[in-house]
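In what follows, a structure is listed as structure tokens, so that the remarks can point back to it.
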Amino acid sequence: MFLILLGPPGVGKGTQAKLLAKKYSIPHISAGEILREYSKQNTALGRKIKSIIDIGNLVPDKLITKVISDRVSRDDCDLGVILDGYPRTLQQAQDLKTFCRVSMIIKIELDEITLIERLLNRKTCNLCKQASNSKSNICNCGNVLIKRVDDNRSSILERLKIYRKNISQIIDFYTNDYPAVPITHVENSGTIEETKEEIWNNLHAILS
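The numbers in my numbering rise by one with no breaks, and the one at position 203 of the sequence shown is 213.
Encoded structure:
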């Protein structure tokens with residue numbers, strides 16, 4: 011089972027992807043987390059990725075596709091994966107079909123005002139990678155929560171602008187070229203548990 015979670019930054023894709031990965035015992039592959047790991051490496055590639063992330067831009071299609079395809083090719087992905095944050099562009103969606111057969115797309119949605127507020131207050135644990143909007147600076151795992159460099163208003167607005175442009179092209183691509191791939195829309199305005207139940211119910215109804 012190869013699932014794609016789509017949605018704007020801050021909508022809760024990572025949280026739901028982790029829950030799905032645990033339920034189905036398949037890897038959660040987060041494009042953002044993989045790129046941030048690369049950005050910590052003192053290599054030419056790592057420094058290049060870091061410079062792109064720090065100003066809130068998206069990593070070029072060719073580069074992120076290579077990173078994702080290399081990860082999906084590992085043995086632990088034979089039974090499926092949860093893709094979170096990829097594809098982000100039409101080109102990436104077209105490239106994805108060369109190395110992954112998509113079972114279903116889950117598009118998580120939330121109004122933009124709430125999204126911006128979440129992102130401005132978001133902090134991430136650099137150990138367990140859990141994102142949090144809590145006022146506390148300590149994660150549930152006991153580690154320190156850190157605010158991401160690109161979670162500032164100007165970068166957030168630019169990322170949302172890019173997202174709006176790309177998401178319509180991606181949805182049109184799957185709707186027109188791959189109509190057999192189901193797309194389910196989930197509003198994430200409730201609790202994590204409520205969103206989880208809606209996603210799981212949709213999965214069961216469509217894939218069973």
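In this text, a Cβ means the ideal position worked out from N, Cα and C, and glycines have one as well. Predicted model only: the values in this text are computed from it and were never measured.
- Message: Between which two residues does the alpha helix (DSSP H) holding leucine 89 run?
- Response: Note, leucine 89: premise wrong, no alpha helix (DSSP H); not H, not E.
- Query: Where DSSP assigns a beta bridge to phenylalanine 12, which residues make up the other side?
  - Reply: Val91
- Looking only at DSSP bridge pairs, what is threonine 99 linked to? Looking at the DSSP assignment, threonine 99 forms no beta bridge with any residue, so it has no partner.
- Message: Whole angstroms are fine: how far does the CA of tryptophan 210 sit from the CA of serine 164?
- Response: If I take the Cα positions, the gap works out to 35 angstroms.
- For threonine 99, which residues from the same chain have a beta carbon less than 8 angstroms from its beta carbon, with the 5 sequence-adjacent residues on both sides left out? Leu68, Asp71, Asn176, Gln179, Ile180
- Message: Could you tell me which whole alpha helix (DSSP H) segments of length 4 or greater appear in the segment 17-51?
- Response: Counting only runs of 4+ residues, the alpha helix (DSSP H) found wholly inside the segment 17-51 occupies 23-34, 41-49, in chain order.
- Query: Using 8 angstroms as the threshold, is the segment 59-66 in touch with the segment 111-119, meaning 3 or more CB pairs across them?
  - Reply: Between the segment 59-66 and the segment 111-119 there are fewer than three inter-stretch CB-CB distances shorter than 8 angstroms, so the stretches are not counted as touching.
- Query: Got a sec? Which residues, its chain only, sit under 6 angstroms from threonine 194 by beta carbon, not counting five neighbours each side?
  - Reply: Ile116, Asn212
- Query: Quick one: is cysteine 151 buried, meaning 16 or more other Cβ sit within 10 Å of its Cβ, or exposed?
  - Reply: exposed
- Item | Option in Ala41, Ile156, Lys23, Tyr96 with minimal Cα separation from asparagine 198 | Lys23
- Message: Per DSSP, what are the beta-bridge partners of cysteine 135 in this structure?
- Response: Leu155
- Task: Answer yes or no: do glutamine 26 and threonine 201 have a C-beta to C-beta separation smaller than 9 angstroms?
- Result: no
- Close Cβ partners of glycine 42 (< 7 angstroms) along its chain, the five nearest in sequence each way excluded: Gly95
- Item | For glutamine 102 and threonine 220, believed in contact at Cβ under 8 angstroms, the rounded distance | The structure shown has nothing for residue 220, since the chain only spans 11 to 218.
- Message: Would arginine 169 and proline 18 be called neighbours here (beta carbons separated by less than 9 angstroms)?
- Response: In contact: arginine 169 and proline 18 (Cβ atoms closer than 9 angstroms).
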